[in-house]
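Chains A and B, in that order, give the protein sequences. Residue numbering for the first sequence follows my numbering, beginning at 12 and increasing consecutively. Residue numbering for the second sequence follows my numbering, beginning at 15 and increasing consecutively. Cβ coordinates follow ideal geometry from the N, Cα and C atoms, glycine included. If you're wondering where the values come from, they're calculated on a predicted model, not measured in any experiment.
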Amino acid sequence: MSGLTQLARLGGGGAVPLAAVSDLAWSDFAAAVVLAVERGLRVVAYFGTAAAGGGVELHAVLADDRAGNVAVAATVIEGGTFPSLTSDVPQVHLFEREIAEQTGLRPEGHPWLAPVRFHGSYRAGHDAWGRPEGEPILPGDLDFYRVEGEEVHEVAVGPVHAGVIEPGHFRFQCHGEEVFHLEISLGYQHRGAERAVAGGPDTRTIHYLETVAGDTTAGHATAYCEALEALSGCAVPARAQALRAVALELERVASHVGDLGALAGDVGFLPSASFCGRIRGDFLNLTAEICGSRFGRGLLRPGGVGFDLEPAQLARLRERLERAATDARVAIELLWETPSVMARFEATGALPGVVAQLLGLKGPSARACGLDLDARRDHPTGLYRSRHIPVALAESGDVYARAWVRWLEIQHSLTFLREELGALPAGPVRAATNGLAPRHLAVSLVEGWRGEICHVAITDARGAFSRYKIVDPSFHNWSGLAYALRGQQISDFPLCNKSFNLSYCGHDL
Amino acid sequence: MIKILRARWQQGHRTIAFPDGPPPPLPERFRGAPEIDATRCVDGCRRCADACPTGAISLDPALAVDLGKCLFCTHCLEACPEGALAYGRDYRLAARRRENLRVDSTRGVELAAALDAATRKLFGRSLKLREVSAGGCNGCESEVNVLSTVVWDLGRFGIQFVASPRHADGLLITGPVTENMHLALQKTYAAVPPPKLVIAVGACAISGGPYIDHPEVHNGADAVVPVDLYVPGCPPHPLTILDGLLRLLGRIPTP
Chain A
12 MSGLTQLARL
22 GGGGAVPLAA
32 VSDLAWSDFA
42 AAVVLAVERG
52 LRVVAYFGTA
62 AAGGGVELHA
72 VLADDRAGNV
82 AVAATVIEGG
92 TFPSLTSDVP
102 QVHLFEREIA
112 EQTGLRPEGH
122 PWLAPVRFHG
132 SYRAGHDAWG
142 RPEGEPILPG
152 DLDFYRVEGE
162 EVHEVAVGPV
172 HAGVIEPGHF
182 RFQCHGEEVF
192 HLEISLGYQH
202 RGAERAVAGG
212 PDTRTIHYLE
222 TVAGDTTAGH
232 ATAYCEALEA
242 LSGCAVPARA
252 QALRAVALEL
262 ERVASHVGDL
272 GALAGDVGFL
282 PSASFCGRIR
292 GDFLNLTAEI
302 CGSRFGRGLL
312 RPGGVGFDLE
322 PAQLARLRER
332 LERAATDARV
342 AIELLWETPS
352 VMARFEATGA
362 LPGVVAQLLG
372 LKGPSARACG
382 LDLDARRDHP
392 TGLYRSRHIP
402 VALAESGDVY
412 ARAWVRWLEI
422 QHSLTFLREE
432 LGALPAGPVR
442 AATNGLAPRH
452 LAVSLVEGWR
462 GEICHVAITD
472 ARGAFSRYKI
482 VDPSFHNWSG
492 LAYALRGQQI
502 SDFPLCNKSF
512 NLSYCGHDL
Chain B
15 MIKILRARWQ
25 QGHRTIAFPD
35 GPPPPLPERF
45 RGAPEIDATR
55 CVDGCRRCAD
65 ACPTGAISLD
75 PALAVDLGKC
85 LFCTHCLEAC
95 PEGALAYGRD
105 YRLAARRREN
115 LRVDSTRGVE
125 LAAALDAATR
135 KLFGRSLKLR
145 EVSAGGCNGC
155 ESEVNVLSTV
165 VWDLGRFGIQ
175 FVASPRHADG
185 LLITGPVTEN
195 MHLALQKTYA
205 AVPPPKLVIA
215 VGACAISGGP
225 YIDHPEVHNG
235 ADAVVPVDLY
245 VPGCPPHPLT
255 ILDGLLRLLG
265 RIPTP
């Protein structure tokens with residue numbers, strides 16, 4: 012029996028009792044995951060949790076974009092290994108490495124079983140690499156993929172980088188200027204964020220989610236709040252849902268404007284670079300006008316939002332939005348009209364759509380390759396159930412396409428913001444949240460500015476989180492960047508990297 | 015070309031006049047230095063301290079807040095039935111010593127004093143910094159980056175972020191210092207030629223922030239290297255960071 016009908020299904024922002032997610036035999040579990048992906052479902056989370064009997068329970072969460080829901084499959088592994096599915100389903104390659112690191116289970120047959128974040132196993136006495144317990148684990152300590160041959164050379168960059176950016180290690184295999192292979196080894200930012208959410212919710216939980224990727228506060232905090240509300244049966248007031256969407260779209264616009272400015276800077280086009288750097292701040296300041304923080308800290312709270320907008324504030328916000336929108340249009344349109352910019356953007360770092368799909372890419376980087384995915388349309392929650400934002404697509408998958416998709420998204424989000432701020436529903440902005448349903452599982456999917464964020468919350472018999480899984484879109488997209496560099500000039504790495512602009516801490520958790 | 019010039023004219027001049035002129039307007043709901051009124055505290059009440067996510071609030075002998083741990087969230091305000099805590103609008107928060115970040119009813123932040131004359135002679139008109147993010151969430155990093163935009167134009171003060179520790183006069187550190195960045199931070203610090211400065215920006219780099227006491231982190235920069243300037247916030251507003259840097263260099267006098 013390998014159909015998908017045996018799997019528990021839940022809609023966006025929904026929760027199911029754990030009893031409805033029955034453990035399958037491994038063969039049925041594996042067949043279900045492979046079949047689901049063949050049918051176009053996406054693996055949005057795949058993780059292990061220590062089970063009561065000493066084994067490890069694996070959960071696979073599969074997003075069915077056409078049906079607008081997710082299917083959950085589970086199985087229990089008793090021994091020290093489980094068969095790797097990566098060769099059939101490449102998008103699970105990093106999930107399997109993560110399972111190995113966190114639980115000590117070894118995915119047999121995995122083509123590249125390196126650590127993900129370089130920390131000890133969460134199950135004492137079980138280490139997938141047989142490392143002695145108590146011995147320090149050094150980040151970046153692995154046998155990097157090597158290309159041998161005459162005039163082949165290796166370039167190592169990081170962890171500390173030249174600019175004001177987060178740390179990571181990049182290992183290039185080059186032939187002259189041409190990159191044959193790039194391996195990205197992260198984990199330097201690992202703070203134990205995901206581990207620490209388990210046991211909650213408590214006073215610190217929302218702060219972990221606000222800072223798990225601190226430039227995506229609205230995205231991750233929305234995903235957390237929706238999971239918590241699904242588990243507590245809380246109905247969020249309409250005005251709060253509207254303000255959440257405003258926060259999410261302002262975060263998207265600010266980040267995309269900043270990214271386009273940074274791309275302009277990387278090709279030496281300083282007018283747009285300096286204009287956009289400033290205009291990004293104008294959009295961050297709009298978020299600060301709502302909640303006092305440019306990054307939206309304190310805005311999202313379980314049950315609703317922490318701040319309301321007074322009529323005078325709202326009027327000011329709308330006026331400033333128009334001014335910033337005009338400045339952004341002038342600054343960004345220069346890019347497409349400048350041949351020296353377009354010559355550098357076009358055909359640089361092209362990622363084929365089929366590769367993006369195999370790797371499970373998310374967000375603007377996926378849409379730039381023609382993958383028609385957007386959680387706001389496919390798995391809508393909150394305001395997005397009733398209000399739709401067009402999905403921005405491009406085909407060429409290069410730096411130009413990633414830039415162009417951002418510009419389209421900026422325009423769509425600005426239209427959305429104008430309309431929503433002009434018609435905010437009346438009423439309260441926060442509802443009370445009750446205790447969480449014991450022994451339930453909730454999944455939230457939120458389209459953050461980098462792409463789809465997935466959170467999976469599982470509660471224990473007391474209604475506390477026994478497991479909380481966080482999947483930032485960067486978790487998938489770093490592999491896309493590595494692939495896009497193949498055959499490129501190594502000097503184009505900064506431009507390609509900026510065109511993805513991925514989160515290190517969101518990956519490292 | 016004509017379009018670029020027209021765009022340049024349309025965008026206008028945006029660099030702020032601060033510190034010679036007024037600071038740029040802050041958002042109406044900006045949360046700056048806390049204003050504490052311990053006389054409103056009810057005996058035995060610990061609601062604010064219990065609500066604080068990072069243990070920034072102490073009640074012994076009286077209500078006090080450690081801004082090195084404070085995330086400038088609103089949990090304590092919401093928990094206090096008496097209104098003993100409020101956020102003021104003062105953006106000036108940077109201090110030279112860790113203990114100077116402790117504020118109570120009677121005492122605000124002891125703002126950063128300038129470097130001594132000899133060090134100021136070295137760095138006062140040219141300070142090159144290497145930034146090390148050691149577990150930062152990209153909040154503080156972004157706000158530090160913003161200082162290099164046309165609005166803040168950090169270059170006017172001779173302050174610049176450089177691409178190598180060998181070119182630097184000091185480090186600006188963000189993040190709680192993860193175990194996995196511990197060695198890299200030590201090596202980067204060692205590579206900066208002396209005399210050198212260290213600036214810790216944000217609650218994480220000062221105390222660990224939300225990640226305080228996690229086994230994966232070292233509770234901030236001064237567990238690893240000596241720190242000369244602490245800039246609180248989660249993340250601090252760019253104005254708070256700039257104010258701290260300019261105080262350190264003596265460009266804004268601290269009485």
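Annotated three-state conformation of V208 (chain A) is helix, per DSSP. Secondary structure of G225 (chain A) (DSSP, three-state): helix.
Taking R473 (chain A) as reference, the option from A:G211, A:G393, A:A167 with the minimal CA-CA separation is A:G211. Distance from the CA atom of L220 (chain A) to the CA atom of R429 (chain A), rounded to whole angstroms, is 28 Å. A residue is called buried when at least 16 other Cβ atoms come within 10 angstroms of its Cβ; Q24 (chain B) does not meet this threshold and is exposed. Taking a contact as a CB-CB distance under 8 Å, the pair T163 (chain B) and G288 (chain A) counts as one, their CB atoms being some 4 Å apart. Within 10 angstroms of the beta-carbon of S351 (chain A) lie fewer than 16 other beta-carbons, which makes it exposed. Burial of P375 (chain A) is indicated by the presence of at least 16 other C-beta atoms within 10 angstroms of its C-beta. In this model, Q422 (chain A) and S407 (chain A) are separated by some 20 Å (Cα to Cα). Between V175 (chain A) and F175 (chain B) the beta-carbon gap is near 6 Å, inside 8 Å, which marks them as a contact. The Cβ atoms of L311 (chain A) and A229 (chain A) lie closer than 8 Å to each other. Going by beta carbons, P67 (chain B) and H218 (chain A) fall inside the 8 Å limit. Looking at the backbone, the Cα of A235 (chain B) and that of D80 (chain B) are separated by about 16 Å.
With a threshold of 8 Å between beta carbons, R215 (chain A) makes contact with chain B. In the DSSP assignment, T92 (chain A) is bridged to A:R117. Relative to M15 (chain B), the option among A:S283, A:C507, A:R388, A:A207 whose CA is nearest is A:S283.
Contact of G169 (chain B) with chain A by beta-carbon distance below 7 Å is absent, the smallest such distance being about 12 Å. Judged by DSSP in its simplified three-state form, Y199 (chain A) adopts coil rather than helix or strand.
The closest CA to that of P439 (chain A), considering only A:A403, A:R398, A:P322, A:G315, is found on A:G315. The beta carbons of T29 (chain B) and V165 (chain B) sit closer together than 8 Å. For H89 (chain B), the uninterrupted alpha helix (DSSP H) run begins and ends at 89 to 93, by DSSP. In the DSSP assignment, the residues bridged to S72 (chain B) are B:A78. For a Cβ distance threshold of 8 Å, residue set P41 of chain B lies close to N296 (chain A), ordered along the chain. Each residue's CA atom was taken as its position, placing E330 (chain A) and L295 (chain A) some 15 Å apart.
In this structure, T298 (chain A) places its C-beta atom within 8 Å of the C-beta atom of R305 (chain A). For L425 (chain A), the number of other beta carbons within 10 angstroms of its own is at least 16, and it is reported as buried. At a Cβ-Cβ threshold of 8 Å, A63 (chain A) and A71 (chain A) do not count as neighbours. The continuous alpha helix (DSSP H) containing T202 (chain B) extends over residues 193 to 205. Interface annotation, R116 (chain B): not in contact with chain A, CB-CB separation never under 8 Å. Residues of the same chain with a CB within less than 6 Å of the CB of A204 (chain A), apart from the 5 flanking positions on each side, are Y219, V223, L520 in chain order. The contact set of Y219 (chain A) on chain B, defined by CB atoms closer than 7 Å, consists of P224 in chain order. The three-state reading of DSSP puts Q422 (chain A) in helix, counting H, G and I together.
P147 (chain A) and G120 (chain A) have their alpha carbons spaced roughly 27 Å apart.
For V268 (chain A), same chain residues with a beta-carbon under 7 Å away, outside a window of 5 residues either side, are C287, I290, R291, F294, A339, I421 in chain order.
Excluding its 5 nearest sequence neighbours in each direction, T188 (chain B) has C-beta neighbours in its own chain below 6 Å: S147, G150, C154, E155, V215, G216, A219, listed in chain order. Contacts with chain B at 8 Å (Cβ-Cβ) include A299 (chain A).
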